[in-house]
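Protein sequences appear in the order of chains V and E. Numbered per this note's numbering, the first sequence spans residues 1 to 209. Numbered per this note's numbering, the second sequence spans residues 1 to 209. Think of the CB as a built atom: it goes at the ideal place given N, C-alpha and C, for glycine as much as any other residue. Predicted model, so just to flag it, every value in this text is computed and none were measured. The structure appears below as structure tokens.
There are 2 protein chains.
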Amino acid sequence: MAKPTRQYHHGNLRSALIEAAIPLLEAQGPGALSLREVAKAAGVSHAAPYRHFADKTALLEEIAARGYDTLTQACHKAQKRYVDDPAQQLVEAGIGYLLFVVEQPRVAHLMFGGMIALDACGEVLQQSSATAFKSLVDIVDGGVKAGVFRTAPAQELTLAAWSMVHGLASLIASGMLTGIADNRREVRRLGRQLAETLLHGMLANDKRT
Amino acid sequence: MAKPTRQYHHGNLRSALIEAAIPLLEAQGPGALSLREVAKAAGVSHAAPYRHFADKTALLEEIAARGYDTLTQACHKAQKRYVDDPAQQLVEAGIGYLLFVVEQPRVAHLMFGGMIALDACGEVLQQSSATAFKSLVDIVDGGVKAGVFRTAPAQELTLAAWSMVHGLASLIASGMLTGIADNRREVRRLGRQLAETLLHGMLANDKRT
DNA sequence: ACCTGAACACCGTTCAAGT
DNA sequence: ACCTGAACACCGTTCAAGT
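What follows is the structure, encoded as structure tokens:
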């Protein structure tokens, strides 16, 4: 996707495999993706990848982990960009996540589990996803401490926010919203719209119990 | 899971295959599930399934479709049980969904896409998922008309509710919440908790713009 | 009409052997 | 140290042939 990458005959095959795998993954979906195919795309024999990845799953996990890192970065960016406005931080981080998902839906699905059991996956993935979650908790925690968000365990509110953005992301990635969330502009609009509901709630006359 | 099912030598193999597939699916995850294995579990040759399903995907789609039907039924039940209380209907429907996901997480993942591109899937699945979504829209629409929910396009609020419950379901199914949402009681609690946030919002001082 | 067995092209993974 | 080629057990799918 970036550089020409030609003579990896003894360059770093590891990265080359990952870079070769992602477009294939996006083109035909996981499950249909074969390690042999990735090897061929990288210009090596079908056995070569095993010198760098223990497993087909190990390759997929690495790709998924990078996805989580992207989300983490989106959180950090949002925090720096909207200091002292936690609500806006939340909205921007969420939209960053959504945009990533629109661009690489199959990679997103890898992150969502299903192929890889996040339950019992390698440390790389477990770490990356935990870090991403922590970044979100940070934002929400800041909002609670600043008195912007309701006083509640930050984890509780974070889970709500995470569920909402993750749910929307999942719906987009699975094509359930085809026709509603096809391009970046529509996704931005949807993200803002849902954030509105998340912040203000659904009720008409809220007695705020 | 229910009946003994012995002599399907010319009974309805179709259902037998589905019933045989689900436990295998739950045991080892999709992708690892092989059609040959399902056939063996059903006591037929590996070629027999092709008389009833065009494809391995066709079998999986049917299973996913049944999952969506379960969600639809959860919506209907909740509507009947809490007439004139749309908020409670929403909560109960959501919890029904979550409980299904805890019990059959791999089937849930099938529904969430990833394996099957919901984008371009068979009519069976497309219909079932559309029906499920419509059931949720019905509940929200009732709430808007009754003045309980904010005045907004029902689809907009529904998408928020759907995203939240679907997101939480996805997190549970992928094992991301292991230790927090392991049994039915914890899931019920989590569901109610998130519903609270969805209904009341996250903000401390809501100016309700 | 429904099922079987052999067959084909493809996989993931392993391992001795090459450079 | 890193890569290759052959090999093994498995898969999805097809198709002639059986009942």
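Whether residue i touches residue j by CB criterion (8 angstroms)
{"i": "L35/V", "j": "P49/V", "result": "yes"}
{"i": "Y97/V", "j": "A65/V", "result": "no"}
{"i": "G114/V", "j": "A117/E", "result": "no"}
{"i": "G143/E", "j": "S170/V", "result": "no"}
{"i": "L90/E", "j": "I139/E", "result": "yes"}
{"i": "A173/V", "j": "V101/V", "result": "yes"}
{"i": "D141/E", "j": "A154/E", "result": "yes"}
{"i": "L194/V", "j": "L71/E", "result": "no"}
{"i": "H76/E", "j": "S135/E", "result": "yes"}
{"i": "V206/E", "j": "H200/V", "result": "A small correction: the amino acid at residue 206/E is Asp; Val does not occupy that position in the sequence shown. Yes."}
{"i": "D31/V", "j": "G31/E", "result": "Checking the sequence shown, residue 31/V turns out to be Gly, not Asp. Closer than 8 angstroms, so yes."}
Buried/exposed call for residue i, threshold 16 Cβ in 10 Å
{"i": "G147/E", "result": "exposed"}
{"i": "R150/E", "result": "buried"}
{"i": "M202/V", "result": "buried"}
{"i": "K56/V", "result": "buried"}
{"i": "E123/E", "result": "exposed"}
{"i": "S45/E", "result": "exposed"}
{"i": "R92/E", "result": "What sits at residue 92/E in the sequence shown is Glu, not Arg. By the 10 Å Cβ count, E92/E comes out buried."}
{"i": "A78/V", "result": "buried"}
{"i": "R6/V", "result": "In this prediction, R6/V scores a pLDDT of 32, lower than 50, which makes its location untrustworthy; the coordinate-derived value is nonetheless stated afterwards. When all chains shown are included, R6/V counts as exposed."}
{"i": "M1/V", "result": "Confidence at M1/V is low in this model, with a pLDDT of 33, below 50, so the placement of that residue should be treated as unreliable; the coordinate-derived value is given next. The residue is exposed, with fewer than 16 neighbouring Cβ atoms inside 10 Å."}
Close beta carbons around residue i, own chain, < 6 angstroms, minus the five adjacent residues each side
{"i": "V165/V", "result": "G94 and Y97"}
{"i": "E196/V", "result": "none"}
{"i": "L190/V", "result": "A181"}
{"i": "S128/E", "result": "A65, Y68 and D69"}
{"i": "D85/E", "result": "none"}
{"i": "F53/V", "result": "L59"}
{"i": "L198/E", "result": "M164"}
{"i": "P105/E", "result": "A173"}
{"i": "L125/V", "result": "E61, A64 and A65"}
Residues near residue i by beta carbon distance below 7 angstroms, same chain, minus five either side
{"i": "L24/E", "result": "L33, E37, V38 and A41"}
{"i": "Q88/E", "result": "Y82"}
{"i": "R184/E", "result": "L99 and V102"}
{"i": "A47/V", "result": "none"}
{"i": "R188/E", "result": "I95"}
Nonlocal neighbours in the same chain, by C-beta distance under 8 angstroms from residue i, ignoring five residues either side
{"i": "I63/V", "result": "I18, A21, I22, L25, V107 and L110"}
{"i": "V137/E", "result": "A154, Q155 and T158"}
{"i": "E186/E", "result": "I180"}
{"i": "R192/V", "result": "V91 and I95"}
Answer yes if the stretch 149–165 of chain V comes into contact with the stretch 105–119 of chain V, meaning at least three C-beta pairs across the two stretches below 8 angstroms, and no otherwise. No, the stretch 105–119 of chain V is not in contact with the stretch 149–165 of chain V.
3 or more residues per run - each beta strand (DSSP E) lying fully within the stretch 131–170 of chain E: If we require 3 residues or more, the stretch 131–170 of chain E turns out to have no beta strand (DSSP E) run fully inside it.
Secondary structure, beta strand (DSSP E): runs of 3+ residues fully inside the stretch 12–94 of chain E: Here no run is fully enclosed.
Taking only runs that begin and end inside the stretch 105–129 of chain E, name each unbroken alpha helix (DSSP H) of 4 or more residues, in chain order. Secondary structure in the stretch 105–129 of chain E: the alpha helix (DSSP H) runs of 4 residues or longer, each lying completely within the stretch, are 105–111 in chain order.
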